[in-house]
Amino acid sequence: MKLTARLAGAALVLATVMGTPLQSQLIPSANASFFGSSSWKKIQLPIEAKNRVEGVRVADVVSYLPSFVPGLSYVNEVLLKEKDQFFGDKGKVDEVLNLFFSELPEWSGKNVRLNLTALVKYNEDTIAFKEIKVEYNSSDVKNFAVSPVKFTSLSQTKLVFDVGLKSRKVIVKDKNSNIKMVFPLGVGSFDEGVLNDEISLLTPRFKNGYLDKSKAIRNRKMPRYFANLPFVRILKGSNPTEDYTGIGFHAQPFPDKNKFIRAFDSHGCMRMQTPDLWSLYFMVAAGPTKQLPITVNYTALSSEEHPFPKRDKPYKRVANTGSRANPSFSLDRDNLVLVQNNWDSSAPIENLVDLDNDNYHQVYNYSTTELVEDKWEGIRAKCKARTYENPAYTVNWDEYAPDYDSNDSERQRERKLKKAKKKYNKAIEKMNKKKDKAYEDCIDDHKRDSSIGDRLYRWWIHG
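If you use our numbering, the sequence shown corresponds to residues -8 to 454, in order.
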């Protein structure tokens, strides 16, 4: 038995002899064990928990999986409450951003071992991972012991981000260690042949994307539904200017009023639980390099899952405001593509297939600006055909040409012609005004009605 383990055992005996109740304690050695040289085995997971524990926040395991580890909720609560005692390696702990399973829990008789890692924030620029072992007897959870395993500063990591849109998750891995985290996502609504010819998602795919420090907003105030929480933008390449996109990670809109939904629900951005979003933000903002690589595909490269429930029905899809033969779209009051719930069937996930060349807008174009401009180009052409190019809006000279008598003098003929031309020109002027009005009316017919409620909404939400 290691010396530290003997000391820990002696402390337990001494506390028992003295009659002092033993509470959670920190054993200052990575090799120490509260129970000495016990034979540990990986815990047998229930079916619902298979592949849904490692890398997952402990609080989420407690909330969304059946109980398979006694005392887990209590241990999680104490570790987070007494954060300075267990994670104060770099001084006072500002916040434990994430406490997650680094490995599966283990059993040895009635004894439990939790292999956990904490993402710890000491200040805005000092972030680190601390791996620990938590051991206790299942009949006496309050007397658990914590042993440090490894401390890794964020500056020592090489983080990569892997998004799977079908499974609605992002996996964060450190290529320099075994650190791994899994976060659930809400992703883009379906486009079922309205904006593009084939079924796809409004969240673009990124083959070589980046998360850039300069594009990670700590507190996004506008539009108001971002709720002054982080917005972490994705670049389609390494150039912060040329590769800028409108896609990023943010919280559920108005998270104080709306619960997180792991669904196909957004206009393209990816939504996260608020604690997960803060974890992501600080990994980028305080990261070891200016940019961190990210891939976004329908199917993630990693198989790890998360237990947060997925919602496949209803799912949102682009509203078809045209016909089946000639589909069209419209904008909502946020000037985003209008999407609506489909309550009749489940999301057609099986139709989402990764393509080698499906990178940002190269295959499927979801740019609202470009889509709207293309749509208006068609509307303007249609309205022009109905008015300026419509024979019904032309003035026929024959209707105004003068009638000459055979005995009219040259002067009389000139007067009649002048008078006819005057009437003809007035008719043209009147017809031009009529055409202009008809064209404007045609254009107005395709504009969204702007009610007082909509105007107030846009003023309040967008400023």
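C-beta atoms are modelled at their ideal positions from N, C-alpha and C, and glycine is treated no differently.
request  = Under 6 Å Cβ to Cβ from His437, same chain only, skipping five residues before and after it: list those, please.
outcome  = Only Ile370 meet the Cβ criterion.
inquiry  = As a quick exercise: from Val386, Pro382, Asn333 and Tyr384, pick the residue whose alpha carbon is nearest that of Glu183.
reply    = When Val386, Pro382, Asn333 and Tyr384 are compared, the shortest CA-CA separation from Glu183 is found for Asn333.
message = Taking the beta strand (DSSP E) that Phe222 belongs to, which residues open and close that run?
response = Leu220 to Leu226 is the extent of the beta strand (DSSP E) around Phe222.
query = Taking the alpha carbon of Tyr357 as the point to measure from, which residue in Asp165, Val309 and Tyr384 has its own alpha carbon closest?
reply = Val309
request  = Mind reading off the beta-carbon distance from Leu63 to Val47? Whole number of angstroms is fine, and I expect it under 8 Å.
outcome  = Actually they do not touch by this definition, with Cβ atoms about 12 Å apart.
key: Selection from Ile34, Ser158, Tyr395 and Ala418 that minimises the alpha carbon distance to Ser99   = Ile34
ask   = Apart from the five residues just before and just after Phe251, which ones in its own chain have a Cβ nearer than 6 Å to its Cβ?
value = Gln243 and Gln264
query = In angstroms, rounded to a whole number, what distance separates the CA positions of Lys164 and His241?
reply = Within the model, the alpha-carbon separation for Lys164 versus His241 is close to 20 Å.
inquiry  = At the level of alpha carbons, what is the spacing between Pro214 and Asn311?
reply    = 26 Å
task = Would you tell me roughly how many angstroms separate the C-alpha atoms of Thr232 and Pro279, rounded to the nearest one?
result = 21 Å
task = Answer yes or no: the CB of Leu408 versus the heavy atoms of the ligand GDP, is any distance below 8 Å?
result = Summarising the ligand content, the structure contains no ligands, and the ligand GDP is consequently not present.
task = Per DSSP, which residues does Gly200 bridge with? Please list them.
result = Ile285
inquiry  = Would the region 183 to 200 count as touching the region 339 to 350 if we require 3 or more Cβ pairs under 8 Å?
reply    = yes
ask   = Measuring CA to CA, which of Asp399, Gln403 and Thr385 is closest to Glu420?
value = Thr385
message = On the criterion of 16 or more Cβ atoms from any shown chain inside 10 Å, does Lys425 qualify as buried, or is it exposed?
response = Of the residues assessed, Lys425 falls on the exposed side of the cut-off, its CB having fewer than 16 other CB atoms within 10 angstroms.
task = Mark Leu110 as exposed unless 16 or more other C-beta atoms lie within 10 angstroms of its C-beta, in which case mark it buried.
result = buried
request  = For the alpha helix (DSSP H) containing Gln403, list its first residue and its last residue.
outcome  = For Gln403, the enclosing alpha helix (DSSP H) has its first and last residue at Glu401 to Asp436.
task = Could you tell me the distance, in whole angstroms, from the CA atom of Glu94 to the CA atom of Asn106?
result = The straight-line gap separating the alpha-carbon atoms of Glu94 and Asn106 is approximately 5 Å.
inquiry  = Give me the residue from Phe120, Pro393 and Asn350 with the minimum Cα distance to Val84.
reply    = Phe120
key: Under the three-state DSSP convention, the category Gly369 falls into   = Taken through DSSP and simplified to helix, strand or coil, Gly369 comes out as helix.
key: Ala136 - DSSP class collapsed to helix/strand/coil   = strand
task = Using the Cα positions of Phe273 and Cys260, report the straight-line distance between them to the nearest angstrom.
result = Their backbone Cα atoms lie some 19 Å apart in a straight line.
message = According to DSSP, simplified to helix, strand and coil, what is Gln331?
response = strand
message = I'd like to check one pair, Lys101 with Asn67: are the Cβ atoms closer than 9 Å?
response = no
query = Do Ala291 and Asp153 have their CB atoms nearer than 9 Å?
reply = Against a cut-off of 9 Å, the Cβ pair of Asp153 and Ala291 comes out as a contact.
query = How many whole angstroms separate the CB atoms of Ser294 and Asn42, which I take to be in contact at a CB cut-off of 8 Å?
reply = 7 Å
ask   = So, are the CB atoms of Val223 and Leu202 less than 9 Å apart?
value = Yes, Cβ-Cβ distance for Val223 and Leu202 is below 9 Å.
ask   = Going by the beta-carbon positions, is the gap between Val328 and Thr359 smaller than 9 Å?
value = Yes, these two residues count as a Cβ contact at 9 Å.
ask   = Do you know whose CA, among Asp303, Leu88 and Val69, lies nearest Lys157's CA?
value = Asp303
ask   = Roughly how many whole angstroms lie between the Cα atoms of Tyr415 and Lys407?
value = In this model, Tyr415 and Lys407 are separated by some 12 Å (Cα to Cα).
request  = Verify whether the separation of the beta carbon atoms of Ser180 and Ser257 is less than 9 Å.
outcome  = yes
request  = Measuring alpha carbon to alpha carbon, tell me which of Phe142, Ala254 and Lys206 ends up nearest Ala338.
outcome  = The candidate whose alpha carbon is nearest that of Ala338 is Ala254.
inquiry  = Measuring straight from C-alpha to C-alpha, what distance separates Tyr379 and Lys206?
reply    = 47 Å
key: Boundaries of the beta strand (DSSP E) in which Met172 is found, first to last residue   = Lys171 to Pro175
query = Is the distance from the Cβ of Tyr216 to the Cβ of Arg324 below 9 Å?
reply = Contact flag unset, no.
Start and end residues, beta strand (DSSP E) containing Asn106 = Asn102 to Lys112
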